[in-house]
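Beneath this line is the structure, given in structure tokens, with notes to follow.
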Amino acid sequence: MAAVFSPRANVIATVCMIGVAGFIAGGCIWWFAWPRSDYVRRVGWTIQQPVPFSHQHHVSGLGIDCRFCHSSVEHSAQASLPPTFTCMTCHSQIWTNADMLSAVRNSLTSNTPLVWARVTDVPDYVYFNHSIHVAKGVGCESCHGNVAAMPLTYKAKTLTMRFCLDCHRDPGLQLRPVASIYDTDWHRNRTTPSAAELMRQYHVGARNLTECSICHR
Amino acid sequence: MNVSAAGLLLAVLLLAGGCDDMTQQKKENPYASSETAPATVPDSVVEFQDSDHPPPALTLTLLQRGQSEFHAFCSPCHAETGNGHGMVVQRGFPAPEPLTDPDLMTASPRHLYDVLTDGKGIMYGFAQRISPEDRWAIVAYMRALQLSQHATLASLTPEQQAMP
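Protein sequences appear in the order of chains A and B.
Position 178 of the first sequence, counted from 1, bears residue number 178 in the UniProt record's numbering, the numbering being contiguous throughout.
Position 110 of the second sequence, counted from 1, bears residue number 110 in the UniProt record's numbering, the numbering being contiguous throughout.
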């Protein structure tokens, strides 16, 4: 009787096994890693906005506080995006002829709201709240990066579940004194209170912040 | 036979249950899309913050809150000291009079509150942006700012006068 397998079978079997392993590995990457990659999440990409608004100009250049435009950030879940009225507080008098601002003026005269395209977004099944983070000493920079240095706003960090949990497991080192919450270029220095001291000041640490129901409710 | 068909159907149905896309839900998120973007409030609607709020008691926390809010909302034009030469004024915005103007020194707290709520002349109001409690805190801080720039030696307590 002739042999069941020809000598080539060894090669074919090896190739098939490598193929299957590669397929599984590739599938895992495609299914788990790719959707969470910075490329797919558009990290670092600027977005087309109705007006080319510059945080660098307004925040670093003019020293305007985040709350001037994102006024509900301390009190509510949403930080809120500025309505036409807020821009017109200043632009009713300055740069009144600039082409760049025509969308803002049209919005005022035609009484239709400006619609800003969203930069940061978490899926709707995630519950997020700004006010608690501001009240407990988490700075804007921890999640949004150095916004004050952005000529056009882009997403600085991928807000995956792991990112949130990395801090929720042990927030201490990422907390900052009240005065520096809106400073997007802040670094710990020798005069900064220790992590444990800040945790005590803000009364953080009594609860388990990794509980699923904190973010999925 | 029938049992395994039913089992298969059940499994398919259970799997299909996972097809719901929970990343997009009908929940309140005013900034999620253009349909939900907040429009301007129609005329004749009374907002919560428009109702009358009596001034709170004067405390140190109130003043500190006022300082932080004044820094965020008023200092771009009125400057940290209230002299009216903030950063935006330096870039061409018409300068307001200094807050230590005699008329403003003697103005009632209610007048200051009303100005910052409804605006005055070319200054827009802050009714939508600052809550009533914080508005009173700013008024208190403005008073402190005015007094601090007109302080005389006689107005200090003996302990304060003894300090270098």
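Just so you know, even glycine gets a beta-carbon here, dropped at the ideal spot from N, CA and C.
Report, in whole angstroms, the separation of the C-beta atoms of Tyr124/B and Phe85/A, which I expect to be a contact under 8 Å.
Looking up residue 124/B in the second sequence gives position 124. Looking up residue 85/A in the first sequence gives position 85. Contact flag correct, Cβ pair sits at about 7 Å.
By how many angstroms is the C-alpha of Arg118/A removed from the C-alpha of Ala79/A?
Locating residue 79/A in the first sequence gives position 79, counting from the first residue. Locating residue 118/A in the first sequence gives position 118, counting from the first residue. For Ala79/A and Arg118/A, the distance between alpha carbons rounds to 12 Å.
Could you tell me the distance, in whole angstroms, from the CA atom of Gln161/B to the CA atom of Val139/B?
Mapped onto the second sequence, residue 161/B falls at position 161. Mapped onto the second sequence, residue 139/B falls at position 139. Using only the alpha carbons, I get a separation of about 27 Å.
At a Cβ threshold of 8 Å, is Gln25/B touching chain A?
In the second sequence, residue 25/B corresponds to position 25, counting from 1. Chain A contact via Cβ: present.
If we ignore side chains and look at the alpha-carbon of each, how far apart do Ser102/A and Thr112/A end up?
As a position in the first sequence, residue 102/A is number 102, starting the count at 1. As a position in the first sequence, residue 112/A is number 112, starting the count at 1. Using only the alpha carbons, I get a separation of about 13 Å.
So, helix, strand or coil for Gly139/A, using DSSP?
Here residue 139/A refers to the residue found at position 139 when the first sequence is read from its first residue. Coil at Gly139/A, not helix or strand.
Starting from Phe85/A, trace the alpha helix (DSSP H) in both directions and tell me its first and last residue.
Locating residue 85/A in the first sequence gives position 85, where the first residue counts as 1. Unbroken alpha helix (DSSP H) run through Phe85/A: Thr84 to His91.
May I ask you to report which of helix, strand or coil DSSP gives Leu175/A?
In the first sequence, the residue the question calls residue 175/A occupies position 175. Note: Leu175/A maps to strand in three-state DSSP.
Taking the Cβ atom as the reference point for each residue, do Cys90/A and Pro82/A lie within a distance shorter than 8 Å?
Position 90 of the first sequence holds residue 90/A. Position 82 of the first sequence holds residue 82/A. Not in contact: Cys90/A and Pro82/A (Cβ atoms no closer than 8 Å).
If we call anything under 8 Å between Cβ atoms a contact, is Lys136/A one with Val43/A?
Your numbering for residue 136/A matches position 136 in the first sequence. Your numbering for residue 43/A matches position 43 in the first sequence. No; because the gap between Cβ atoms is not below 8 Å, this pair is not in contact.
Can you say whether Phe23/A is buried or exposed, counting buried as having 16 or more other CB atoms within 10 angstroms of its CB?
Your numbering for residue 23/A matches position 23 in the first sequence. Label assigned to Phe23/A: exposed.
Take Gly145/A and list the residues in its own chain whose beta-carbon comes closer than 7 Å to its own, dropping the five residues that flank it on each side.
Locating residue 145/A in the first sequence gives position 145, where the first residue counts as 1. If we look at Gly145/A and ignore the five residues flanking it on each side, its Cβ neighbours are Ala156 and Lys157.
How would you label Pro171/A, buried or exposed, when you count the other beta carbons within 10 angstroms and need 16 or more for buried?
Here residue 171/A refers to the residue found at position 171 of the first sequence. Pro171/A should be labelled buried.
Could you tell me which of Ala72/B, Ala95/B and Gln146/B sits nearest to Ser108/B, measuring between CA atoms?
For the purposes of this step, residue 108/B is taken as the residue at position 108 of the second sequence. The candidate whose alpha carbon is nearest that of Ser108/B is Gln146/B.
For chain A, check one thing: does any of its Cβ atoms lie closer than 8 Å to the Cβ of Ile122/B?
As a working note, residue 122/B is residue 122 in the second sequence. For Ile122/B, at least one C-beta of chain A is nearer than 8 Å to its own C-beta.
Are there 16 or more other CB atoms within 10 angstroms of the CB of Cys16/A, so buried, or fewer, so exposed?
The residue labelled residue 16/A in the question sits at position 16 within the first sequence. It is exposed - the Cβ of Cys16/A has fewer than 16 other Cβ atoms within 10 Å.
Please decide whether Gly63/A counts as near chain B, where near means a Cβ-Cβ distance under 8 Å.
Counted from its first residue, the first sequence places residue 63/A at position 63. Closer than 8 Å: yes.
Between the C-alpha atoms of Arg188/A and Glu69/B, what's the straight-line distance to the nearest angstrom?
One-based indexing of the first sequence puts residue 188/A at position 188. One-based indexing of the second sequence puts residue 69/B at position 69. Each residue's Cα considered, the two are about 25 Å apart.
For His75/A, which residues in chain C fall below 8 Å Cβ to Cβ?
Absent from the structure: chain C. Protein chains present are A and B.
I want to verify the contact list: residues of chain A whose CB lies under 9 Å from the CB of Met22/B, in sequence order.
The count along the second sequence starts at 1 and reaches residue 22/B at position 22. Correct list: Pro123, Asp124 and Tyr125.
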